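For any residue, its number in my numbering is found by taking its place in the sequence shown, counting from 1, and adding 59.
Worksheet: the structure to be examined is printed underneath.
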Amino acid sequence: MDPVGLQPVDEVAITTLIDNTFDALLVSEDGVARPPFGTGLVEAPLFEGGRTSAGLLAEHGFSALVTVRRGATRSTVLFDTGVSPDGMATNAERLGVDLGDLQGVVLSHGHFDHAGGFSGLASRRGRRGLPLVVHPAVWTRRRIAVPGAEPFELPTVSAAALGREGFEVIERRQPSLLVDGAILITGEIDRTTEFERGMPPSHQAWDGHGWHHDATVVDDQALVLQVRGRGRVVVTGCGHAGVVNIARHAMRLTGVDRLCALLGGFHLGGPAFEPIIDPTAAALGQLQPDLVVPGHCTGWRAQHVLARALPDAWVQSSSGTTYRLQAA
């Protein structure tokens, strides 16, 4: 394919507004800024002075604030919104992030742990007309049907409700550029590796007539940037297409073969995915990224393997952390 004309940026800052973990004792290091100890003062009448430090929220969801700078111009988009109505927005308030400055939102896919925070975002913006980029399949009804257990239908995001809240929904299957060509949304991702085979048979989708195995989660998209002189930065939601597939797809889309950073959910947790941890770590090692921040659905076993395989690149994820990458 012809490379997409992704414009390089001078700096990108990615703040994890919500993730599965929060560790208040992590310390900042070069390019990685942790929130100060004591962040998140809340009313607490049983303490002297009536307040306490609650820190930041962690939940089974993901949301990241992505800010790019070119020269003196900065632009910010939100990638996913977490699982609860107020978790992402609460953390934004405690971090002093003004959600009114957003220029758009990208939803990585339709699973509820990425789409749950839209109501909190809408209530805090105070104005309508925010563009929301999604794949057309985000509205798909899905369920988890484990043999011997009652099927659990996943909450499905409502297009009508989003419209009532003032979001301007833009559906795109193909790669698309945002922020004057500085941010690339991958569209549907090529599945080329032998080991990244998608979701197990228990993950099902409704096709209008019945439930069927939904292995691919075809709406899964990633966000891609190019830092001048450093290479590609890739942010995933759950990485259902496989993080190696996603990284390689981003390379094909942009024509840039240097992977600077990979952040987000890698979906390597649980017995269905643990068998592919080792080949995933080996393939990522060959790409030699500068920064790897596995979060959300990556799973603790994969975290240990990735930390050993990429000791100079791996960084522990935690709600409220900002990762800053500057041009070389």
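Even for Gly, the Cβ is constructed at its ideal location relative to N, Cα and C.
None of these values were measured; they are calculated from a predicted model.
For residue i, name the three-state secondary structure that DSSP assigns.
i, result
"THR357", "coil"
"ILE335", "helix"
"HIS173", "helix"
"THR251", "coil"
"VAL286", "strand"
"GLU118", "coil"
"ARG153", "helix"
"GLY163", "coil"
"PRO95", "coil"
"ALA218", "helix"
"ARG201", "strand"
"THR380", "coil"
"GLU88", "strand"
"VAL193", "strand"
"GLU209", "coil"
"GLY146", "helix"
"GLN385", "strand"
"VAL302", "helix"
"LEU65", "coil"
"GLY8", "The chain is shown only over 60 to 387; residue 8 falls outside these bounds and no answer can be derived."
Here's a check: name, in chain order, each residue in its chain whose Cβ is nearer than 7 Å to the Cβ of residue i, leaving out the five neighbours to either side.
i, result
"ARG232", "HIS194, PRO195, GLY246 and GLU247"
"TRP373", "VAL351, LEU365 and ALA366"
"HIS119", "ASN79, VAL142 and ASP172"
"GLY185", "GLY159"
"VAL294", "ILE73, ALA123, VAL125, PHE138, ALA281, LEU282, LEU322 and GLY323"
"ASN150", "LEU76, ILE77, LEU115, LEU116, SER378 and GLY379"
Which same chain residues, not among the five before or five after residue i, have their C-beta less than 6 Å away from its C-beta?
i, result
"SER235", "ILE244"
"THR74", "LEU124 and THR381"
"ALA387", "GLY288 and ARG289"
"PRO259", "ALA331"
"ASP139", "PHE121, SER122, SER167, HIS173 and GLY296"
"GLN66", "GLY240 and ALA241"
"GLY257", "ALA274 and THR275"
"ARG200", "THR215 and TRP265"
"ASP145", "GLY179"
Between residue i and residue j, which are expected to be in contact by the criterion C-beta below 8 Å, what is the C-beta distance as a whole number of angstroms?
i, j, result
"GLY175", "GLY141", "6 Å"
"ALA309", "VAL351", "Wrong, their Cβ atoms sit about 14 Å apart, outside the cutoff."
"VAL63", "VAL286", "Wrong, their Cβ atoms sit about 16 Å apart, outside the cutoff."
"LEU189", "LEU161", "6 Å"
Give me, in chain order, the residues of the same chain whose beta-carbon lies closer than 8 Å to that of residue i; leave out the 5 immediate sequence neighbours on both sides.
i, result
"GLY329", "GLY358"
"VAL216", "LEU166, GLY169, PHE171, ALA174, PHE177, VAL197 and TRP198"
"ALA148", "LEU158, GLY176, GLY179, LEU180, SER182 and ARG183"
"VAL68", "VAL127, ARG128, ARG129, ALA241, LEU284, GLN285, VAL286, ARG287 and ALA386"
"CYS319", "VAL286, ARG289, GLY290, ARG291, VAL292, PRO348, ASP349, LEU350 and LEU384"
Compare the C-alpha of residue i against each of the options and name the closest.
i, options, result
"ASP192", "PRO353, PHE106 and GLU227", "At residue 192 the sequence reads Val, which differs from the Asp that was named. The shortest C-alpha separation from VAL192 is found at GLU227."
"GLY379", "VAL71, ASP337 and PHE121", "PHE121"
"GLU209", "LEU321, SER261 and ALA181", "SER261"
"ASP279", "GLY267, GLY301 and VAL315", "GLY301"
"ARG93", "LEU100, VAL101 and PHE81", "PHE81"
"ALA204", "GLY344, LEU65 and ALA264", "ALA264"
"PRO370", "GLY323, PHE138 and LEU343", "LEU343"
"ALA306", "GLY269, GLN362, ASP89 and ASP249", "ASP249"
"LEU312", "ARG291, LEU154, GLU253 and ARG256", "ARG291"
"HIS272", "LEU161, ASP145, GLU224 and ARG202", "ARG202"
"GLY298", "ASP316, ALA320, CYS319 and PHE325", "PHE325"
"GLY222", "ARG187, ASP145, ARG200 and LEU213", "ARG187"
"PHE96", "VAL86, LEU76 and GLN375", "VAL86"
"ARG360", "ALA340, LEU346 and ASP349", "ALA340"
"VAL164", "GLN345, LEU237 and LEU100", "LEU237"
"GLU212", "PRO144, TRP270 and GLU253", "TRP270"
Do three or more CB pairs link the region 127-135 to the region 94-113 at distances below 8 Å? no
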